[in-house]
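Participant: Residue 11 is where the sequence shown starts when you use our numbering, and the numbers rise one by one after that. For glycine and all other residues, C-beta sits at the position ideal for the given N, C-alpha and C. From a predicted model like this one, the values you see are computed outputs, not experimental measurements.
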Amino acid sequence: MLKHVLAAITLAVSAPFAAAAYDQHERTDEFVAEVEKEYGIPAEEVRNWLKQAEKMDSVLEAIQRPAERTMNWARYQDIFLTKKRISAGKNFLESQADILAEAEKKYGVPPEIIAAIIGVETFYGTRQGGYRVLDSLSTLAFDYPKRPLFWRELKAMFALAREEGVDPGTIKGSYAGAMGYGQFIPTSYLHYAVDGDGDGKRDLWGNPVDAIHSVANYFSEHGWRTDEPVTHRVTVSGDKHEPLVNVSRKPQHTVADLTAAGVELPVDIKGDKPANLMRLEGKEGDEYWLGEYNFYVITQYNHSKLYAMAVYQLSQALSEDKQ
């Protein structure tokens, strides 16, 4: 009798772990069929990969509290606008000067913007993430239905692994499945990663040439406007501006609309130019910023205006002459 009781307890305890076998999940057949149809990857190959995936509770916890949602600008800037990150960024600009110049010539994106993206994302390639992307994306795809985009990203991860000749079990990245110097998610890797040095591979993990060109290509494909500003610090008067604050990421107003609402500009800008008015909680109270189209382009990389402002201000610091 005791033997049977212990056996029942063992089965009860082990059941939750069995549910984490993603080759046996209730939606596995659906997933495998989609990967085979969309990317031509044999079903058995996909099942073998899923069999190796492990559920990561730490991933489910981390996805609930991204810094962009839990911090204001006063705290967020302290993470990315440090002397250490600025100094390392200037070293990166110097060591990769020729590659950055090539990318700027080809894509029209300034070196300091490319460097700032890589600096914010991975401290210039040195902190690319320690999660196995197979684990993190399987966990999010099958056990975090609130965000169906991860279902799409897991499919794309299998496709890029096959396309680039990489073992899916060896790919490392962030808890959300972002990879390489610039932290491309799999669909971005497939669509925007480029072979910067012509060696026949798109290696965003170990090849800074490919990484730099890929970040520049991403910005170019999303409409970066060469030689145009990103944002301007502004002041406001009255309260007519309130309905225009933080309306959307994409510019919804014109400079003329904003000036008529009491926004005072530090420089002359054509009145018909599209722009946004943003309010951030800074260290000394509210800050107001006018975002031009290139600010919107940065938010295409990461939708947070805090992120975009960190990239912009880091790029400004990197472009200063003093080391």
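Determine which residues share a DSSP beta bridge with residue 194 and list them.
Facilitator: 189
Participant: How big is the Cα-Cα spacing for residue 204 and residue 294?
Facilitator: 42 Å
Participant: Taking only runs that begin and end inside the stretch 47 to 126, name each unbroken alpha helix (DSSP H) of 4 or more residues, in chain order.
Facilitator: 53 to 62, 67 to 72, 77 to 80, 83 to 90, 93 to 105 and 107 to 117
Participant: Within the stretch 245 to 286, note down every full alpha helix (DSSP H) run reaching 4 residues or more, in order along the chain.
Facilitator: 265 to 270
Participant: Give the secondary structure of residue 208 by DSSP, where H, G and I count as helix, E and B as strand, and everything else as coil.
Facilitator: coil
Participant: Please confirm whether residue 166 and residue 196 have their CB atoms less than 8 Å apart.
Facilitator: In contact: residue 166 and residue 196 (Cβ atoms closer than 8 Å).
Participant: Where does residue 155 land, buried or exposed, given buried means 16+ other C-beta within 10 angstroms?
Facilitator: When all chains shown are included, residue 155 counts as exposed.
Participant: Could you name the residues of the same chain whose beta carbon sits closer than 6 Å to that of residue 318, not counting the 5 residues immediately before and after it, in chain order?
Facilitator: 305, 308 and 309
Participant: Cβ of residue 242 within 8 Å of Cβ of residue 275?
Facilitator: The Cβ-Cβ distance between residue 242 and residue 275 falls below 8 Å.
Participant: I need the straight-line Cα distance from residue 240 to residue 303, nearest angstrom please.
Facilitator: 7 Å
Participant: Which first and last residues belong to the alpha helix (DSSP H) in which residue 177 is found?
Facilitator: Element bounds for residue 177: n/a, residue is neither H nor E.
Participant: For residue 68, count neighbouring Cβ atoms within 10 angstroms of its own Cβ and tell me buried if that reaches 16, exposed if not.
Facilitator: With fewer than 16 other beta carbons inside 10 angstroms of its own, residue 68 counts as exposed.
Participant: Take residue 296 and list the residues in its own chain whose beta-carbon comes closer than 8 Å to its own, dropping the five residues that flank it on each side.
Facilitator: The beta carbon of residue 296 sits closer than 8 Å to those of 289 and 290, all from its chain and outside the five residues before and after it, given in chain order.
Participant: In the DSSP output, which residue or residues are listed as bridge partners for residue 145?
Facilitator: Residue 145 is not bridged to any residue.
Participant: Could you tell me how far apart the beta carbons of residue 250 and residue 272 are, in whole angstroms, since I believe they sit closer than 8 Å?
Facilitator: 5 Å
Participant: Can you tell me which of 263, 143, 234 and 316 puts its alpha carbon nearest to the alpha carbon of residue 116?
Facilitator: For the residues 263, 143, 234 and 316, the minimum Cα distance to residue 116 belongs to 234.
Participant: How many angstroms separate the CA atom of residue 321 from the CA atom of residue 131?
Facilitator: 9 Å
Participant: Give the DSSP-derived three-state secondary structure of residue 315 in the structure shown.
Facilitator: Looking at residue 315 - three-state DSSP - the assignment turns out to be helix.
Participant: May I have the straight-line CA-CA distance separating residue 283 from residue 263, to the nearest angstrom?
Facilitator: Straight-line Cα distance between these residues: approximately 8 Å.
Participant: Are the Cβ atoms of residue 91 and residue 324 separated by less than 8 Å?
Facilitator: yes
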